[in-house]
Amino acid sequence: MILLLTKQLHNKEVVTMLKDYLTDEGVLVTLQNGLPEPGIAEIIGAHRTMGCTVEWGATLTSPGVATLTSSPDSLSFHMGKMEGISDKQYTMVKSLLEKMCPVHEEPNLLGARWSKLLINATFSGLGTVVGGCFGDVSENKEARKIAIRCMKECIDVGHAEGIAFAPVQGKDIVKLFNYKGALKRALATMLIPIAMKKHRDIVPSMLQDIRNGKPTEAVAINGVVCAYGKKHGVPTPINDKIVETIKKGETGELKMQAANIRLFDAFL
């Protein structure tokens, strides 16, 4: 069993290298963000690929030491399996991860991935842009106006792809944050700080990467929404701008700071 927590940027090289360490009944479990399973399955086979969404956030503070930045009662994994995964493989992985926190079987893995993608694209993406944590987006009036539109883009693109979004910690995010018309949008926007309260202190991994001089996963998170939007003819101006802004942060052309939310004024 291999638990994969590296950046998606290097999946092809990393998974190809790890392939020789897997037995015929071995399994690689990706706990990454985005939609990593299809690319991994192309290398090692679907029968050795499992996906797991992480329902909490943490920050690596030093080698081997991480600080939990979500509420402790949010600790859980949602684990799904691709075609060909046996019950024996699934039970082996579940029994290990349960030593840390509850593990829930996820029959709709792709839906769970898209739900997590929506959260990351919105709060990790915008949190990076403004140089802050998730709470700097969810609890800021101006940032929330952009956040709800980012969520809407993700929902519209996912639906165009035929995705049935899975609940996130029991919450139906489509019912909460999808909207038609200004009134429903205003109501949905008001719910954001309540929904994100347990995760307000999460520092986006992309912001940590920029601070450490490393490339980010903007293309593998917000960029995925943009790519599927282009595929289906669904406009994604917010996600496009987030990718563009974070890329400028990577090169040092633009500082990630609260004032950057003004870069999105044209989309209001």
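Heads up, the sequence shown is in this note's numbering, so the first residue is 3 and it goes up one at a time.
Idealized CB from N, CA, C, for every residue including glycine.
As the structure is a prediction and not an experimental result, all values here were calculated from the model.
query: Shortest alpha-carbon distance to Pro169 belongs to which of Pro237, Ile150, Glu57, Lys249?
result: Glu57
- prompt: Can we say the stretch 212-223 touches the stretch 31-51, given the rule of at least three CB pairs closer than 8 Å?
  reply: yes
message: If we require 4 or more residues per run, which alpha helix (DSSP H) segments fall completely within the stretch 145-222?
response: 175-179, 184-197, 207-213
query: Three or more C-beta pairs closer than 8 Å, one from the stretch 231-245 and one from the stretch 148-159: is that the case here?
result: yes
- prompt: Where does Lys83 sit, in a helix, a strand or coil, going by DSSP?
  reply: strand
query: Which whole-angstrom value describes the C-beta separation of Asn224 and Val132, a residue pair presumed to lie in contact below a C-beta threshold of 8 Å?
result: Incorrect: roughly 14 Å between the Cβ atoms, too far for contact.
task: Please work out which residues of its chain come closer than 7 Å, Cβ to Cβ, to Ser73, disregarding the five sequence neighbours upstream and downstream, and give them in chain order.
output: Lys200
query: Do the stretch 62-82 and the stretch 144-152 make contact, defined as three or more Cβ pairs closer than 8 Å?
result: no
- prompt: Start and end of the beta strand (DSSP E) containing Val105?
  reply: 105-107
task: Please work out which residues of its chain come closer than 6 Å, Cβ to Cβ, to Thr61, disregarding the five sequence neighbours upstream and downstream, and give them in chain order.
output: Thr69, Thr71, Val205
task: Assign Gly134 to buried or exposed, taking buried as 16 or more other Cβ atoms, counted over all protein chains shown, within 10 Å of its Cβ.
output: buried
query: For Ile244 versus Leu128, is the C-beta spacing smaller than 8 Å?
result: yes
query: Under a Cβ-count criterion, where at least 16 other Cβ atoms within 10 Å of its own Cβ denotes burial, should His12 be classed as buried or exposed?
result: exposed
- request: Identify, in the order they occur along the chain, each residue of the same chain with its Cβ nearer than 7 Å to the Cβ of Arg50, setting aside the five sequence neighbours on each side.
  value: Leu24, Gly28, Val29, Leu30
- request: Verify whether the separation of the beta carbon atoms of Phe136 and Met198 is less than 8 Å.
  value: yes
- request: For Leu178, I'd like the list of residues in its chain whose CB is within less than 8 Å of its CB, leaving aside the five on either flank, ordered along the chain.
  value: Ala190, Leu193, Ala197
task: Return the first residue and the last residue of the beta strand (DSSP E) that Thr61 is part of.
output: 60-64
message: Is it buried or exposed, Ile98, if we count other Cβ atoms within 10 angstroms and call 16 or more buried?
response: Position check: residue 98 holds Leu in this sequence, whereas Ile was assumed. Label assigned to Leu98: exposed.
field: Length-filtered (3 minimum) beta strand (DSSP E) runs lying within the stretch 23-70
entry: 30-32, 51-56, 60-64, 67-70
- request: Determine the burial state of Gly185: buried for a count of at least 16 other Cβ atoms within 10 Å of its Cβ, exposed for fewer.
  value: As written in the sequence, residue 185 is Leu, which differs from the Gly given in the question. Exposed: under 16 other Cβ atoms inside 10 Å.
field: Integer-rounded CB distance, given that Thr124 should sit under 8 Å from Met208
entry: About 12 Å; that fails the 8 Å criterion.
C-alpha distance - Pro104 paired with Ser76, whole-angstrom precision: 10 Å
query: Out of curiosity, what's the CA-to-CA distance linking Lys14 and Thr32?
result: 13 Å
Proximity below 8 Å, CB of Leu119 to CB of Val227: yes
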